[in-house]
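Chains as they are written, first to last, in my numbering: chain F, 1 to 351; chain Y, 1001 to 1306. Beta carbons: idealized from backbone N, C-alpha and C, even for Gly. Quick caveat, the model's predicted, so the values are computed rather than measured. Reviewing the structure listed below.
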């Protein structure tokens, strides 16, 4: 049997929870609240990851005052060594680089999300948007993989170290990184809670329920869609940066439709249209991820002929089907929105 | 571009285009009759390929037996997924996104069950065992018995399916259902039974397509999934409703993936790694600019109108 370090496992699960929470909140704002079927969530996550791959190889050496070594081909090893040296010796350069990565990734993804939402105006059937987003994500992936120099095509870029790598104690750096992920997730959560309870959030829900009625009330629906796609994509890209830092490398193979489906499972499991539900879904999926990983290792070591890693996907598929059929609202269904006016009304009626 | 390359790519276009047509007709049929953009269709193909592979590993060499097995297994899997997943959801009047999502889930489950099975029985990267023979050789043109099986079988099946749709009572009922489910119900068409037959047909043909696909390349749990968006591109070119349009779309997609790609590669140095992006571009361009696809090119009276 293997020894499972409970502390390290908890840190890993909570880090993953923070990252997944960002992705789930983003999809929940887009689909759960505004009804935009984003089947291309992997695209917006991947923008964050690709930007991280670029800044860590091109910008980081500049910030540290070193010469930029081309990260691909023969110089791959050298470039990797330079990266880890800088990350270990010059934490300030690492932090500045990370901040720039977040900003660039969020802006880029936001712009793509904004642009994509205008595509909806031209589509004949509503579900075509789901297909366009799905396919758009795949195109970007293929183009990035095909372009040799961006993130070294098939090889990907490794050594995208997390910012607390310079600490001598790996446990401390893992805990700090976990806190960073959790803090960012918390900011995203409180921001989206405010957004959902704002007039703009109520309008989005109206848009989701009935487009014509919302339009008849004089609301500009295409701009509203574009705005929520912008916000959602920015949050997803921040999640993507953290995802890349957490795995330590950027490879196009990680940002396929399967990732999009994972995020959908989180939202559908937790609760469509409810930010708390998105958090719960992210937590449950992070835990399940880790459990299936450990189970697969244990089973492999005990000589089981069944490869348990595949069971994770079967499990996720079954969860999705069961939820869609028996609890379409999720574990924490959306509660009706109340405003101050409702409060007043209830008090008056109660009297 | 050298002639040898051109000839090979055109042969590939015919072979792969015919298979795409066989699969894309299934997508068009489910979308029209069942009103479901079924992404699990990919896995019916893979399931059929594995059924064919297992039968052929047991020593069977008669392609008809192999394909019948693939048809039966594909049909059963499709029908079961309908009865267990899609039908209960349809009864609840859920949104289209829920249906799309559940078809993804069905595909995911099937795909990874196949992964587990392939891993357990060591079936990765095996071909369906039919001895390879060269049947025709003329200059750069080489045709094997695989081509002789794949292209004619799929073309015959496509023609059979078209005849069934246009000339039999079942086909008429399917078209009525595609046109208006409530009207079909009102005039006494046994809607549920017609739906079941549709699933059997769709799954069975996908299974046969898988078996044929497994003749030309190795069988893998990902084979259907890799092809599914090309197949969707073909169906979208057919406006997701026209049979003739879908068949034409299938050849257009195969032609762009093979001949056009090689042409771009040879003359403009476009890397072959971009090949998978071609059907995606087709999907986006068609959906944005011409969502009706090729439908207006053909007589619409006999097609699946929605």
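| Query | Result |
| --- | --- |
| Comparing alpha-carbon positions, which option in 34/F, 343/F, 25/F, 6/F lies nearest residue 221/F? | 34/F |
| Note down, in chain order, every chain F residue with its Cβ under 7 Å from the Cβ of residue 1271/Y. | 146 |
| Once you ignore the five residues that flank residue 1143/Y on each side, which residues in its own chain have a CB closer than 6 Å to its CB? | 1135, 1136 |
| I want to see whether chain F comes within less than 8 Å of residue 1115/Y, judged by CB atoms only; does it? | yes |
| Give the DSSP-derived three-state secondary structure of residue 1326/Y in the structure shown. | Coverage of chain Y is limited to positions 1001 through 1306, which leaves residue 1326/Y absent and any answer about it impossible. |
| In chain F, which residues lie less than 9 Å from residue 1237/Y when you measure between Cβ atoms? | Ordered by position in chain F, no residue passes the 9 Å Cβ test against residue 1237/Y, which lies about 13 Å from the chain. |
| If we call anything under 8 Å between Cβ atoms a contact, is residue 44/F one with residue 233/F? | yes |
| In the DSSP assignment, find the beta strand (DSSP E) that holds residue 1136/Y and state where it starts and stops. | 1134 to 1138 |
| Given this structure, state the Cα-to-Cα distance separating residue 231/F from residue 1102/Y, to the nearest angstrom. | 27 Å |
| Mind checking residue 1106/Y: buried by the 16 CB within 10 Å criterion, or exposed? | buried |
| Please list the partners that residue 356/F has in chain Y, where partner means a Cβ-to-Cβ separation under 7 Å. | The requested residue 356/F is not part of the displayed model; chain F covers only 1 to 351. |
| Which runs of the alpha helix (DSSP H) at least 4 residues long sit entirely within the stretch 1204 to 1237 of chain Y? Give them in chain order. | 1223 to 1237 |
| Residues of chain F with CB under 9 Å from residue 1119/Y, in chain order? | 305, 306, 307, 310 |
| Is it true that the stretch 1069 to 1087 of chain Y meets the stretch 1245 to 1253 of chain Y, where meeting means three or more beta-carbon pairs spaced less than 8 Å apart? | no |
| CB-CB under 8 Å to residue 88/F, same chain, minus the five flanking residues each way: which ones, in chain order? | 165, 166 |
| Could you confirm whether any beta carbon from chain Y is found closer than 8 Å to the beta carbon of residue 92/F? | no |
| How many angstroms separate the CA atom of residue 1151/Y from the CA atom of residue 314/F? | 34 Å |
| What is the rounded straight-line gap between the Cα of residue 1162/Y and the Cα of residue 317/F? | 34 Å |
| Helix, strand or coil, according to DSSP, for residue 1081/Y in the structure here? | helix |
| Under 8 Å Cβ-Cβ, which residues of chain F neighbour residue 1284/Y? | 132, 135, 136, 139 |
| At a Cβ threshold of 8 Å, is residue 1085/Y touching chain F? | yes |
| For residue 131/F, I'd like the list of residues in its chain whose CB is within less than 8 Å of its CB, leaving aside the five on either flank, ordered along the chain. | 39 |
| Quick one: what does DSSP say residue 25/F is sitting in, helix, strand or coil? | helix |
| What are the residues that DSSP puts in a beta bridge with residue 1126/Y? | 1219/Y |
| Tell me, to the nearest whole angstrom, how far the beta carbon of residue 1209/Y is from that of residue 1057/Y; I am working on the premise that it is less than 8 Å. | Not really, about 20 Å apart at Cβ, beyond 8 Å. |
| Check this for me: beta carbons of residue 246/F and residue 103/F, under 8 Å apart or not? | no |
| Here's the rule: buried if 16 or more other CB atoms are within 10 angstroms of the residue's CB, otherwise exposed. What is residue 1167/Y? | exposed |
| Please return the same chain residues whose Cβ sits closer than 6 Å to the Cβ of residue 1235/Y, not counting the five positions on each side in sequence. | 1024, 1027, 1028, 1246 |
| So if DSSP puts residue 1141/Y in a beta bridge, which residue, or which two residues, is it bridged to? | 1138/Y |
| Using a Cβ-Cβ distance under 8 Å, would residue 190/F count as near chain Y? | no |
| Skipping 5 residues on each side, what residues in its chain have a beta carbon closer than 7 Å to that of residue 42/F? | 137, 255, 256, 257, 259, 260 |
| Rounded to whole angstroms, what's the CA-CA distance from residue 1280/Y to residue 170/F? Just pull it up for me. | 43 Å |
| What number of angstroms, rounded off, separates the C-alpha of residue 23/F from the C-alpha of residue 1283/Y? | 26 Å |
| Which residues in chain Y sit within 7 Å of residue 122/F, going by Cβ to Cβ distance? | 1288 |
| Taking the beta carbon of residue 1125/Y as the centre, do at least 16 other beta carbons fall within 10 Å, making it buried, or is it exposed? | exposed |
| Taking all protein chains shown into account, decide if residue 1015/Y is buried (16 or more other Cβ within 10 angstroms of its Cβ) or exposed. | buried |
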